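*Asks:*
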Amino acid sequence: SEASVVDLIANVRPAFELIEDRAADYTKLDAFTLIADNAWCGGIVLGDVIKEWRNLNLNDTPSCIRQVAQPDEATNTGAANPLSSLAWVLNHFAERGETLSAGEHIITGSVARTRFPVIGDHISYEVAGSRVEMRVV
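For this note's numbering, add 5 to where a residue sits in the sequence shown, where the first one is 1.
1. Suppose you measure from the CA of N62 to the CA of A92; what does that come to, to the nearest Å?
2. Is P67 buried or exposed, if buried means 16 or more other CB atoms sit within 10 Å of its CB?
3. Are the CB atoms of S115 and A85 nearer to each other than 8 Å?
4. Could you have a look at A107 and say whether DSSP puts it in helix, strand or coil?
5. Of all the options D65, V10, A15, which has the alpha carbon lying nearest to the alpha carbon of G108?
6. Mind checking whether V137 and D126 have CB atoms under 8 Å apart?
7. Give me whichever residues DSSP pairs with R140 in a beta bridge.
8. Using a Cβ-Cβ cut-off of 6 Å (strictly less than) and excluding sequence neighbours within five positions of C46, which residues of its own chain qualify?
9. For T80, does the three-state DSSP call read helix, strand or coil?
10. In the DSSP assignment, find the beta strand (DSSP E) that holds S68 and state where it starts and stops.
11. Between the Cα of A117 and the Cα atoms of L88, R18, N81, W58, which residue gives the shortest distance?
12. Of the choices W58, D26, G48, whose alpha-carbon is the least far from that of V17?
13. Apart from the five residues on each side of it in sequence, which residues of its chain come closer than 6 Å, Cβ to Cβ, to A74?
14. Where DSSP assigns a beta bridge to A20, which residues make up the other side?
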């Protein structure tokens with residue numbers, strides 16, 4: 006449950022998932038194909054640990070994404086429902102008789118639209134005073 010997973014969390018960070026979608030044509034993909042091919046993670050970029058994260062409502066924390074030449078996008082962590090997502094992942098592993106080890110990173114979902122950065126882009130995501138950022142070179 007959301008309540009039971011909090012004590013299992015070592016720290017919380019903003020992160021970017023780097024998507025490798027193999028130039029998919031999203032207009033021709035149905036839901037089943039997207040679910041079956043949900044293996045587009047090419048890596049992650051982790052930000053700084055959020056200080057005092059235990060004092061936050063992780064399912065309702067304002068955040069913001071900034072990208073060069075784009076309007077700022079106000080977001081909220083509730084869009085990803087991170088505690089429920091984490092509980093679902095841990096329950097899924099447990100049902101299969103598998104465990105996760107201390108120190109593993111779990112990405113609990115996106116709070117913003119997918120972006121397609123180009124060379125020269127600088128993108129940052131800030132939540133509760135912590136930031137992750139990347140520059141595309």
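A virtual CB, placed ideally from N, CA and C, is assigned to each residue, including glycine.
Since we're looking at a predicted model, the values are computed, not measured.
*Replies:* If we stick to the structure as given:
1. Position 57 of the sequence shown, counted from the start, is the residue given in the question as residue 62. Position 87 of the sequence shown, counted from the start, is the residue given in the question as residue 92. In a straight line, the C-alpha of N62 is about 16 Å away from that of A92.
2. Your numbering for residue 67 matches position 62 in the sequence shown. It counts as exposed.
3. As a working mapping, residue 115 is identified with position 110 in the sequence shown. As a working mapping, residue 85 is identified with position 80 in the sequence shown. A contact, by the Cβ cut-off of 8 Å.
4. Taking the first residue of the sequence shown as position 1, residue 107 is located at position 102. Note: A107 maps to coil in three-state DSSP.
5. As a working mapping, residue 108 is identified with position 103 in the sequence shown. Of D65, V10, A15, the residue nearest in Cα terms is A15.
6. Walking along the sequence shown from the start, residue 137 turns up at place 132. Walking along the sequence shown from the start, residue 126 turns up at place 121. No. Outside cutoff.
7. Along the sequence shown, read from residue 1 onward, the residue named residue 140 stands at position 135. In the DSSP output, where bridge partners are listed per residue, R140 has H127.
8. Within the sequence shown, the letter at position 41 stands for residue 46. Excluding positions up to five away in sequence, the list reads E22.
9. Numbered from its first residue, the sequence shown carries residue 80 at position 75. Of the three classes helix, strand and coil, the one that applies to T80 here is strand, per DSSP.
10. As a first step, residue 68 must be located in the sequence shown, where it is residue number 63. Here the beta strand (DSSP E) through S68 covers 67–72.
11. Working through the sequence shown from its first residue, we reach residue 117 at position 112. Taking only the C-alpha atoms, the option nearest A117 is N81.
12. In the sequence shown, residue 17 corresponds to position 12, counting from 1. It is W58.
13. Locating residue 74 in the sequence shown gives position 69, where the first residue counts as 1. Correct list: empty, nothing qualifies.
14. Reading the sequence shown from its first residue, position 15 is the one you call residue 20. According to DSSP, which records beta bridges pairwise, A20 is partnered with L51.
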